[in-house]
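K.L.:
Just remember that this note's numbering sits 272 ahead of the position in the sequence shown, which is counted from 1.
All C-beta atoms in this analysis are idealised placements derived from N, C-alpha and C, irrespective of residue type, glycine included.
Being a predicted model, the structure only gives us computed values, none of them experimental.
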Amino acid sequence: MNLAELSGQMSAPNVMLIICMHTLLILLAISDFEKRTVPTAMVMLTIVMSTTYMLTELISGKRTITDRVINMIPGVFLCAYSRLKPERVGEADGLLMICIAELSNPVTFIITMAVTSFLSLIIAVKTIKDKTKLPFITILAGAYLLCAKY
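1. Specify, as a first and last residue, the run of the alpha helix (DSSP H) that N343 falls within.
2. Please name the residue, chosen from V379, C292, I370, L375, that lies closest to V348 on a Cα-to-Cα basis.
3. Using a 10 Å radius around the Cβ and a threshold of 16 neighbouring Cβ atoms, would you call E329 buried or exposed?
4. With distances taken between CB atoms, is the gap from M314 to L289 smaller than 9 Å?
5. Going by alpha carbons, who is nearest to I373 out of L317, I345, I395?
6. Which word fits V310, buried or exposed, when buried means at least 16 other C-beta atoms lie within 10 angstroms of its C-beta?
7. DSSP three-state label for I400, please.
8. Which residue from C292, T312, T380, L375 puts its Cα closest to that of A364?
9. Exposed or buried, what is A413 when buried is set at 16 or more other beta-carbons lying within 10 Å of its beta-carbon?
10. Restricting to Cα atoms, I'd like to know which of K405, K421, L393 is closest to E306.
11. Three-state secondary structure (DSSP) at K421?
12. Can you tell me whether DSSP reads E363 as helix, strand or coil?
13. Can you name, in chain order, every residue of its own chain whose Cβ lies under 6 Å from the Cβ of D304, other than the five neighbours on each side?
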């Protein structure tokens with residue numbers, strides 16, 4: 273989908289939010305890949321922007337709250353798991369999964385999660401011998417940007 277088609281479907285502020293969100297996701301993915309950590313301020317900005325986008329979509333009647341809440345369930349579970357096992361999963365992983373849920377329609381979200389799972393499995397098998405941490409945000413952001421359709 274090109275920018276002209278995208279702008280025909282969304283208002284100008286929402287197009288700008290999507291562009292900024294995609295830029296933030298790319299920057300977060302790079303940070304996670306290089307350092308296995310992400311800046312808290314960037315994660316919080318991503319949350320604010322995705323929530324703003326979701327609220328404008330809900331207010332305009334383009335999306336329903338049911339779709340958004342159902343999409344957010346995996347991210348909420350990942351956040352809870354990160355509280356129980358902080359050495360295994362970072363809290364930012366779950367928060368960014370929630371952000372992507374706020375941006376996606378249900379079909380896009382399911383496809384994104386399937387691609388994320390597939391890529392994580394492949395990379396985990398390759399890195400299991402090295403005992404390195406999996407750059408989950410990099411995989412999640414890449415899968416979302418690959419599958420994103422509004």
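P.N.:
Let me lay it out:
1. Here residue 343 corresponds to residue number 71 of the sequence shown, with the count starting at 1. 337 to 356 is the extent of the alpha helix (DSSP H) around N343.
2. Translated into the one-based positions of the sequence shown, residue 348 becomes position 76. The candidate whose alpha carbon is nearest that of V348 is I370.
3. As a working note, residue 329 is residue 57 in the sequence shown. So E329 counts as buried.
4. Here residue 314 refers to the residue found at position 42 of the sequence shown. Here residue 289 refers to the residue found at position 17 of the sequence shown. Not a contact, by the Cβ cut-off of 9 Å.
5. Locating residue 373 in the sequence shown gives position 101, counting from the first residue. Per the sequence shown, residue 373 should be read as Ala rather than Ile. Ranking the options by Cα distance to A373, first place goes to I345.
6. In the sequence shown, residue 310 corresponds to position 38, counting from 1. V310 is buried by the Cβ-count criterion.
7. Along the sequence shown, read from residue 1 onward, the residue named residue 400 stands at position 128. Correct three-state label for I400: coil.
8. Within the sequence shown, residue 364 is the residue found at index 92, counting from 1. Ranking the options by Cα distance to A364, first place goes to T312.
9. Locating residue 413 in the sequence shown gives position 141, where the first residue counts as 1. A413 comes out buried.
10. Here the question's residue 306 lines up with position 34 in the sequence shown. When each option's Cα is compared against that of E306, the closest is K405.
11. Looking up residue 421 in the sequence shown gives position 149. Three-state DSSP puts K421 in coil, outside helix and strand.
12. Residue mapping note: residue 363 aligns to position 91 of the sequence shown, counting from 1. Here E363 sits in helix by DSSP.
13. Numbered from 1 along the sequence shown, position 32 holds the residue referred to as residue 304. So the list reads V310, P407, I409, T410, once near-sequence residues are dropped.
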